[in-house]
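Chains as they are written, first to last, in full-length UniProt numbering: chain C, 1 to 357; chain B, 1 to 288; chain A, 1 to 375.
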Amino acid sequence: MLSTKKGAGLIAALMLTSASYANAETLRLLTWGSYAPEELVQKFQEKYPDITVEVTFSNNEEMIAKLRATGGAGFDLAQPSHDRIYSAQLEYDIYKPMDLSKINTSVMEDSHLNGVKANTTIDGEVYAVPHQWGTSGLMANKAAAPDFKGWGDLCDPKYAGKTSMRLKRTILLGTAYSMGEDPFAAYSDLDKYQALLDKVADKLIECKSNIKAYWKGGDDLSAMMLSGEVVASETWDSTAYKLYGQNKDIVFVPPETGALAWIDTFALPRKGKADDAAYKWINFVLEPENVTIMSGSTGAIAAVKGGLDMLPADKKEAVTAAFTDADIANLKFFANIPPGVEDMEGKTLEKIKAATE
Amino acid sequence: MQSDIKRLSLILLFAPFALWILLLIILPHLGMVVLSLREKVAPRVYEFGFGNYIDFINEPIYWNTLLRTGSMSILVTILALLIGFPIAYYIAKIAGRRSRGALFLLCLIPLWVSDLIRAFGWILLLRETGVFSSFLQWSGMVSEPIEFLYNDVTVVMGLVYTVILFMIVPLVSTLDGMDDAMIEAGYNLGGNGYTVLRRIIVPYAMPGIVSGCIVVFMMTAGSYLTPILLGGKNSSWFTEQIYDQFITRFNWESGAAFGFLLLAFTSFVVWLGLKLSGQTLANTVAKS
Amino acid sequence: MTNAQDYDLECTNLMKHFGAVRAVDDVSFNIPKGSFFSILGPSGCGKTTLMRMIAGFENPTSGDIRIKGSSVLNTPPNKRNVKMVFQHLALFPMMNVYDNIAYGLKCNGVSAGEIETKVRDVLERIALPDVAKREIHQLSGGQKQRIAIARCMVLDPDVLLLDEPLGALDLKLREAMKIELKLLQHQFNTTFIYITHDQSEALVMSDHVAIMNNGKFEQIGKPEELYHKPDTAFVAGFVGDSNRWNGSVINMDAKQIKVETDTGLALVCQRNPNDGLSNGDAVNIFVRPEFIAAKKTKTKSSKDTQNTMSGAVDSILFNGANSRVLVRSDNGQLIEADIVVTGSASDLRSGDNVNMSWAHAQTMCFADKGEFDAK
């Protein structure tokens with residue numbers, strides 16, 4: 001008698017907890033560091049009290065590796081760059097198509113929206129929409145390197161031992177451009193691309209003695225730049241803008257061959273469980289006042305109409321100090337990476353790293 | 001009845017260990033073996049084969065990196081032993097009972113902060129505009145800033161610093177068990193300091209030395225952050241190679257193969273070390 | 001001045017202070033060639049420090065140590081021809097028996113062939129010719145003991161120090177090893193210095209024994225001298241068993257002292273000419289159990305030569321030939337006396353009234369230095 005009463009109580013308690021659990025939704029966000037500022041998360045949870053946001057910070061490669069390991073489970077919304085959707089989806093089937101009707105696409109800058117759509121459409125289904133864009137390029141300390149203007153200048157003996165770069169695919173592409181080639185065009189013919197990579201490798205191996213060190217993240221790059229140990233480096237624009245805030249001599253330099261532009265997107269992991277919450281988050285961060293908070297945290301420009309004007313004042317100053325309209329027109333957007341290219345580029349990078357000066 | 005209970009309690013005691021070994025060690029490794037034997041022929045299409053291992057053999061960069069990692073790990077192990085032995089000897093034999101705990105604690109302190117913070121600590125000290133370089137300039141010993149970072153010496157130093165505790169602990173525990181009278185007997189029977197060290201203290205401490213070396217070597221060869229952050233333009237480490245295969249190149253198959261090669265290589269070195277020193281795993285690692 | 005060559009070891013005015021503690025306090029002695037010399041004392045008396053100074057592990061605060069006539073104060077331990085058998089033997093567990101014995105020879109740069117011969121030879125002499133290839137942990141306690149001695153003796157030392165090496169053995173083996181050690185010493189004809197707190201080890205084996213207390217030597221002598229003619233109350237109490245009373249001197253002459261114990265008993269003691277006693281001094285009185293005759297029947301005893309006392313048997317302590325009786329005297333004290341238990345009806349039984357008597361000559365009396373107050 002007693003035990004049945006107890007059992008009934010237990011079941012009731014279980015039902016209660018599971019009921020309240022069903023009510024509260026969790027949005028598991030897989031994104032870049034600084035892409036989910038605490039202020040914005042708080043604001044979102046106040047607006048949607050039944051949604052809890054859990055954030056995991058990562059980068060392009062790790063996002064794909066994580067989703068690949070689970071077949072697209074464990075997260076409800078991911079933010080890979082626009083060139084990392086197509087081949088990853090083909091090879092590992094980790095995303096699901098987006099329902100554009102649930103997204104307020106009207107606020108998005110058309111060129112970015114169309115570009116991302118074109119990049120990420122498979123069998124007529126769209127797999128991503130744009131969020132923010134930014135560039136990879138160069139930065140220089142104008143006091144020490146006033147004439148610094150192109151990728152090739154990193155290897156200029158004038159700056160021997162005073163430059164730095166990151167030994168990843170960006171520098172391969174930038175160097176190819178500085179040699180007068182168009183690497184993205186060569187994607188269509190992988191033999192041709194391999195020949196181009198070999199040329200780039202020779203150039204970068206020769207350049208090795210000119211480089212102080214390869215940087216690994218924003219922190220060591222910032223330290224080297226601020227201390228004056230290096231005067232010019234390959235950089236992410238957001239890092240350069242941050243340093244501009246501390247030293248007005250350090251500016252972002254769009255390479256003369258064009259800064260390499262990326263668009264970070266929103267994509268739904270294939271086994272995500274909270275699509276509605278994900279759409280709510282997307283629309284939420286595209287609201288104008290939230291765009292400013294987001295850009296203040298990330299240093300990147302939102303892919304919405306008038307995104308540049310929604311930057312916080314100091315970031316806007318840094319961007320206008322760096323870019324002319326011509327520079328913006330000259331942006332080179334990363335092209336979709338065809339299968340196999342990552343391996344080729346990886347081998348090239350290993351070759352450069354292993355080469356002795 | 002009694003023996004049934006005994007057997008049951010034995011099974012219950014053993015079960016967590018068996019489950020741990022099976023689920024967290026054996027199964028993942030079996031998965032890795034299977035993964036490493038898959039060759040990618042097209043997107044989402046794989047074939048069974050040894051291609052990933054053949055790639056390793058055909059690419060000098062890979063096995064050079066492995067040999068480099070191995071030889072630098074051996075160097076780190078030797079340095080850790082040479083530096084750790086006197087420290088362990090001091091703690092076990094010379095320091096008083098009371099100061100022993102404090103000394104042990106001092107050795108432990110580096111482990112209280114993460115690998116990353118420790119590496120950044122070294123970076124702050126050793127960079128061109130860092131503490132050492134500034135001090136040398138201030139004291140007038142040098143006129144130009146000096147870069148201590150980004151070379152193999154720094155990597156070796158950082159690694160020795162990280163792993164030395166794992167050398168000291170087994171050494172202290174074996175030396176602690178050594179009767180002081182044994183050392184005095186060594187002198188009394190006519191040995192000088194060197195003979196006593198070579199013929200008595202070192203042979204006695206051999207189990208501790210070997211187990212310390214094994215742990216330190218394995219930790220060093222498998223370390224990731226320290227060599228990456230302190231290393232220079234040319235210093236590649238095999239774990240970095242594995243990370244690159246898995247993460248940046250999405251090539252899990254060859255990453256798994258590399259992981260196995262690292263395991264096989266380090267196991268081989270340990271086996272060789274045991275053979276050369278005439279020790280066995282049972283009377284070294286299992287004992288200390 | 002005696003010829004220095006007659007002595008293997010001479011210590012003169014040896015002192016060792018640890019801070020305010022005088023571990024060894026002005027000790028002088030000479031040990032003749034080829035003798036078995038024991039230093040006997042309670043733990044903490046300074047005997048281990050004394051031995052460590054001889055071996056060279058401690059430096060004396062002052063005084064001199066001479067081995068075969070020459071001072072070794074500036075000789076490091078590994079250059080002194082003094083070898084030591086440690087309390088726990090300190091055999092090297094990572095070497096086999098052969099290598100343990102060969103270790104010292106190798107240190108001295110002896111050639112391999114000669115080492116081989118010497119090791120075989122010494123193993124023969126300790127009657128363990130077949131153990132050369134054994135590991136240390138395969139040996140029995142007695143074998144380890146002998147190997148530890150062989151390891152030292154193969155180096156032909158001037159003096160062999162032994163630091164209570166029998167302490168870890170069980171009783172039977174210890175008894176056997178006592179005899180064996182004595183025989184080994186005869187066989188090697190080397191000076192042995194044996195440190196112990198066990199009086200029976202010291203008495204059985206030694207030619208001479210030094211009794212040490214509080215850093216000083218109380219007395220040096222042959223075992224029977226120490227036993228029968230102790231110089232001080234400490235020696236009388238420490239060596240052998242005895243019944244003890246505290247009392248004071250009533251009067252005395254050149255040969256005898258009349259004392260009264262604290263319990264009011266009048267006794268007559270043999271006079272030791274150098275005792276320095278005077279009337280009224282506090283004294284300790286000792287009588288060994290074997291000199292007390294405890295009898296049921298009242299025997300005629302001469303009051304002139306005997307002390308007497310009566311009491312009742314409290315209990316019998318049967319131990320074969322060493323059996324004793326505990327008698328509660330009329331004034332309530334317990335007294336031990338040796339008896340012979342034959343198993344016949346004449347044996348003493350618990351509760352029997354007995355008379356005890358012992359000779360004046362066997363009653364020892366010393367100035368009370370307070371050593372026994374705490375007990």
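Beta carbons: idealized from backbone N, C-alpha and C, even for Gly.
If one requires a minimum length of 3 residues, the beta strand (DSSP E) runs lying completely within the segment 15-93 of chain C are 25-32 and 51-58, in chain order. A straight line joining the alpha-carbon of Thr69(B) with that of Val269(B) spans about 12 Å. Note that the segment 159-167 of chain C touches the segment 199-211 of chain C; at least 3 beta-carbon pairs, one per stretch, sit closer than 8 Å. In this structure, Thr31(C) lies near Gln79(C), with their beta-carbon atoms less than 7 Å apart.
Between Ala150(A) and Val122(A), the gap from beta carbon to beta carbon is short of 7 Å. Across the structure, Ala221(B) and Leu40(C) are spaced so that their CA atoms are roughly 43 Å apart. Judged by DSSP secondary structure, Phe217(A) falls within the beta strand (DSSP E) whose first and last residues are Lys216 to Gly221.
In the displayed model, Phe120(B) falls within a helix according to three-state DSSP. Closer than 7 Å to the CB of Thr195(B) there is at least one CB belonging to chain A. Neighbours of Ile211(C) across chain B, judged by C-beta separation under 9 Å: Lys233. Rounded to the nearest angstrom, the Cβ distance from Ser310(A) to Asn355(A) is 5 Å, consistent with a contact under 8 Å.
Excluding its 5 nearest sequence neighbours in each direction, Ala257(B) has C-beta neighbours in its own chain below 7 Å: Ser36, Asn52, Tyr53 and Phe56, listed in chain order. Taking a C-beta cut-off of 7 Å against chain B, the contacting residues of the segment 335-356 of chain C are Pro339, Glu342, Asp343, Gly346, Glu350, Lys351, Lys353, Ala354 and Thr356, listed in chain order. Residues Leu103 of the same chain have their beta carbon placed closer than 8 Å to that of Ala95(B), with the five preceding and five following residues left out of the count. Residues Ile316, Leu317, Asp338, Ile339, Val340 and Val341 of the same chain have their beta carbon placed closer than 8 Å to that of Ser323(A), with the five preceding and five following residues left out of the count.
Gly142(A) and Ala254(A) have their C-alpha atoms roughly 52 Å apart. Ala335(C) sits in coil when the DSSP states are folded into three classes, being neither helix nor strand. The beta-bridge partner set that DSSP reports for Trp262(C) consists of Gly134(C).
Taking 8 Å as the Cβ-Cβ cut-off, the segment 7-29 of chain A has no residue approaching chain B.
If you check the CB distance, Gly245(C) and Asp314(C) come in under 7 Å.
Among the residues facing chain A, Gly191(B) is included, as its CB has a counterpart in that chain under 7 Å away. Taking a cut-off of 8 Å for Cβ pairs, the segment 57-76 of chain B and the segment 183-190 of chain B do not touch, as fewer than three such pairs fall below it.
The beta carbon of Leu73(A) sits closer than 8 Å to the beta carbons of Asn59, Pro60, Asp64 and Ile65 from its chain, once the five residues preceding and following it are set aside; these are given in chain order. Rounded to whole angstroms, the separation of the alpha carbons of Val169(B) and Glu59(B) is 40 Å.
Nearest neighbour of Glu240(B) by Cα position, chosen from Thr257(C), Gly258(C), Lys216(C) and Leu260(C), turns out to be Lys216(C). Annotated three-state conformation of Pro269(C) is strand, per DSSP. Look at the segment 15-82 of chain A and you find these whole runs of beta strand (DSSP E), each 3 residues long or longer: 21-32, 36-40 and 62-67. Counting along the chain, no beta strand (DSSP E) covers Arg127(B), and no H or E run does either. In the structure shown, the three-state DSSP call for His208(A) is strand. Residues Asn81, Val82, Lys83 and Thr190 of the same chain have their beta carbon placed closer than 8 Å to that of Pro157(A), with the five preceding and five following residues left out of the count. Here Met95(A) carries a coil assignment [DSSP, helix/strand/coil].
Phe57(A) belongs to the set of residues whose beta carbon lies under 7 Å from a beta carbon in chain B.
Leaving aside the five residues that flank Gly41(A) on each side, the residues in its chain whose CB is nearer than 7 Å to its CB run, in chain order, Lys47, His197, Ile211, Met212 and Asn213. For Tyr204(B), a Cβ of chain A is located within less than 7 Å of the residue's own Cβ.
Counting only the Cα atoms, Thr261(A) lies some 16 Å from Arg271(A). When Cβ-Cβ separations below 7 Å define contact, Pro77(A) makes contact with chain B.
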